[in-house]
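Sequences listed follow chains A and B, in order.
Taking the working numbering, the leading residue of the first sequence gets -19, the next gets one more, and so forth.
Taking the working numbering, the leading residue of the second sequence gets 187, the next gets one more, and so forth.
We treat Cβ as the ideally placed atom computed from N, Cα and C, and that holds for glycine.
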Amino acid sequence: MDSRVTTVLVADDDDDVLALVVRRLERDGYEVITARDGAEALRLARENLPDLAVLDVMMPHLTGYEVTRHLRQETATERIPVILLTARVQEEDVKRGFSVGADDYIKKPFSPQELRSRVQAVLGRR
Amino acid sequence: MDETTRVLSTRTGSASQVRVVIVGGVSATFCQLTAVLASPSRRVATVASGQEARDTLAGEADPAVVVVDLRAPGMDALEVLQAVRADEGSRMTPVLLLVDDVHGGEKWLTELSDLGAVDVVAAPVDDEVLCAKVALLADLADKTRQLAVLTDRLHDADERSEQHRKALVAQQSVMLALADGGSGDVLSIVAQSLARGLGWQVGVCWRVTDEQIWCSESWLEPSFSAPTLERLHSESRPGNPGNPGGLVQRAASSGVPEWAPMSELDHDDPYVRAALDAGLSHGLALPIAVDSTLVGVIELLRTSRRPPDLQTVTTLGAVAALVAHFARARRTEDETEMLKNEFFALVSHEMLTPLTSILGYLEDLLEGASGEFNADQEQDLGVIDRNARRLFRLVDDLVFVAQAEGGGTVSLNLASVDLSAVVAEAVDAAQTAAEAHDIGIVARVEPVGTVRGDVRRLGQVVDHLLSNAVKFSHDGGRVEVVLRRQDGDAVIEVVDEGFGIPLAEQAAMYERFSRSSIASDREIPGIGLGLSITKMIAEAHGGSIAMRSVEASGSTFTLALPLEARAISEGSP
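This is the structure we're talking about:
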């Protein structure tokens, strides 16, 4: 990994959850960009090309699944790893997440350790 | 019944004037014969030849007796008899032969008996004998006809009762299919069971949505082929309904069962054409309405030329009512199911999101990210944390049950699981609650090997059994957890000496939201999901859960899970 600061895009329509994720990632030294809905997340991903996107599944305008699918379809963004945040973890939710190209998922509620280790694992994989 | 009487009386009535046809060419005896036989009770028609006999018989309704005078020159006995037999009306008419001598007559009789010659009179003709024989034969003819009519009626009745029996069998098979086929389209099940039960060749389920009639499924008797019809069925779908033919349309608009020979329907209609081409000659369409809204039409087609009788149609009408009843119940179930799913989706998302914040921020506080707290503050935060986690588990349980019920399956992340570690963790987790009531937890763990399972779900099960044992124990009591091996199973036993469960309530304990009277009386917290979840998880692992409980002296819950080693040794003989 180079000396450049690692940028993470975080999108969640719940301000408190968003702030919680941001705080934890910033504590671990990541630079964080935030979005409050799917459309904004997609726009910011295209503009900033972050090193990782952490996306809530249930968001207004575009769901996390849809944002992921769009990212995978465009050359500039197709390699950005995606972690989905989801409250419902039914088997089909997980399958759907992977089928649109997500790299991992985190179930709500999640501990700081879980977020940290999943983010590190996904970034390390690249 | 009325019709039978009428037909019989018509024939008996006309017997008062016996119709006799004399075939005699032009001979000296001809006029004499006519004179002898003619009487107020007999109507005599005379014809000269076989050819003429054919024409006369065609116009004559059911002649009672045909007399053939073989003495007449140029008379062709064979031709005459064939003419008599060829005519539908005189098919069963007895034929009396007039011959020159007895021996020749017997020869003729032997040769012509196959064609219906039944008696012979030899010259010289005794007028009385002739008249007696004609009267006897006329009587015989009438009796034969009556018998034929009765046989026909009997056959019809047989056929009808057979059809009706089949309709009842079909009705039964429909009911069985409905009771059995929890899933699947009710109407499709019915279309198929009816066609199969009645022995008809084709059963089609037409659905009605947005005033369009489209084919949702069609069933053909396995040995029956109707490619064009099948193509028309498969092409029809919502948005592209196709044409179900006149009969289905007719039933859809009349709202009552409709049936007709295919030949009476519009031959230019491609659907009717295809059915006729496939040899289907009768159709029946049963409209199915739920709360006076037409939801579908079941169409049955068959090759038999016999029309379905009224009783069959009535029975099928009853089937239609039954189906409507089921469809209504199913629709209500579906709506309830949908509401429930939406509700749980809402619960899972809307409750888990704030819980994420509560638990997350609490965790940050407890980690000391915002500075140290004094002992009281830390204790308070601990209470909040414990209760938030309890709330989370509750929501998690509800979601679990909803998922298991909605999809019918429990999804497991399978891996090798060391149950001794699961037990140790569960004991650890139950310790705080146990200590608060001075309850001692004793664990006796034997090495048993691993099971194939979902470590989180199995942990949930043991956690639940242990926390239950603690909740239902007296203060200062004792709870024992045993892990041992038994017949290739890993067995976890959780034993308490607490309140127990009344015998009468034990059977219902695995049902959702079922709580024992003890739990309610003592206000022990819980919503009665734990045991039903435990059972679902145990069974999803191929295991089982059993309970032994005596009121006021304690309960033992036994969880058995197949060991991994056994599964492998059984897999390879």
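- With respect to chain A, the C-beta atom of glycine 546 of chain B has a partner C-beta closer than 8 Å.
- Flagged as an interface residue toward chain A: serine 534 of chain B, by a C-beta distance shorter than 8 Å.
- Proximity of valine -3 of chain A to chain B, defined by a Cβ-Cβ separation below 8 Å, is satisfied.
- Residues of chain A with a Cβ closer than 8 Å to the Cβ of phenylalanine 578 of chain B are, in chain order, Pro89.
- Aspartate 83 of chain A is outside the set of residues whose beta carbon lies under 8 Å from a beta carbon in chain B.
- One finds Gly546, Glu549, Asp550, Glu553 in chain B with Cβ atoms closer than 8 Å to the Cβ of proline 92 of chain A, taken in chain order.
- Secondary structure at valine 209 of chain B: strand, using DSSP grouped into helix, strand and coil.
- With contacts defined as CB atoms closer than 8 Å, tryptophan 386 of chain B and glycine 482 of chain B fail to qualify as a contacting pair.
- Not one beta carbon of chain B lies nearer than 8 Å to the beta carbon of aspartate 73 of chain A.
- Taking 8 Å as the CB threshold, serine 543 of chain B lines the interface with chain A.
- The beta carbon of methionine 39 of chain A sits no closer than 8 Å to any beta carbon of chain B.
- Interface residue (Cβ-Cβ distance to chain B less than 8 Å): alanine 67 of chain A is classified as such.
- Residues of the segment -3 to 13 of chain A with a C-beta atom less than 7 Å from some C-beta of chain B are Val(-3), Leu0, listed in chain order.
- Take leucine 525 of chain B, set aside five residues on each side of it, and no residue of its chain has a beta-carbon closer than 6 Å to its own.
- For proline 413 of chain B, the uninterrupted alpha helix (DSSP H) run begins and ends at 413 to 421, by DSSP.
- By DSSP's assignment, leucine 284 of chain B forms a beta bridge with B/Asp255, B/Val307.
- Contact of aspartate 17 of chain A with chain B is not assigned, every C-beta pair being separated by 8 Å or more.
- Membership of glutamine 672 of chain B in the beta strand (DSSP E) is indicated by the continuous run 664 to 672.
- The residue from A/Arg23, A/Val37, A/Lys75, A/Glu6 with its alpha-carbon nearest to that of leucine 51 of chain A is A/Arg23.
- The Cβ of leucine 538 of chain B sits closer than 8 Å to at least one Cβ of chain A.
- Around the beta-carbon of glutamate 20 of chain A, 16 or more other beta-carbon atoms lie within 10 Å, marking it buried.
- For aspartate 31 of chain A, the nearest beta carbon of chain B is not closer than 8 Å to its own beta carbon.
- Each residue's CA atom was taken as its position, placing aspartate 550 of chain B and glutamine 565 of chain B some 15 Å apart.
- When the five nearest sequence neighbours on each side are left out, no beta carbon in the same chain lies closer than 7 Å to the beta carbon of glutamine 93 of chain A.
- Here the C-alpha atom of alanine 250 of chain B lies approximately 20 Å from the C-alpha atom of aspartate 338 of chain B.
- The three-state secondary structure of threonine 498 of chain B, taken from DSSP, is helix.
- Secondary structure at phenylalanine 743 of chain B: strand, using DSSP grouped into helix, strand and coil.
- Going by beta carbons, threonine 501 of chain B and alanine 353 of chain B fall inside the 8 Å limit.
- The shortest CA-to-CA distance from aspartate -6 of chain A to any of A/Ala15, A/Leu5, A/Thr(-13) is the one to A/Ala15.
- Residues of the same chain with a CB within less than 6 Å of the CB of methionine 733 of chain B, apart from the 5 flanking positions on each side, are Phe743 in chain order.
- Glutamine 268 of chain B and leucine 301 of chain B have their C-alpha atoms some 7 Å from each other.
- Apart from sequence neighbours up to five positions away, the residues of its chain that approach leucine 451 of chain B with a beta-carbon distance below 8 Å are Gly431, Gly432, Leu433, Val458, Gly469, ordered along the chain.
- Under the Cβ criterion (8 Å, minimum of three pairs), the segment 50 to 66 of chain A does not count as touching the segment 514 to 534 of chain B.
- Look at the beta carbons and you see the segment 709 to 725 of chain B touching the segment 649 to 656 of chain B: at least three pairs across the two are nearer than 8 Å.
- Alanine 234 of chain B sits in coil when the DSSP states are folded into three classes, being neither helix nor strand.
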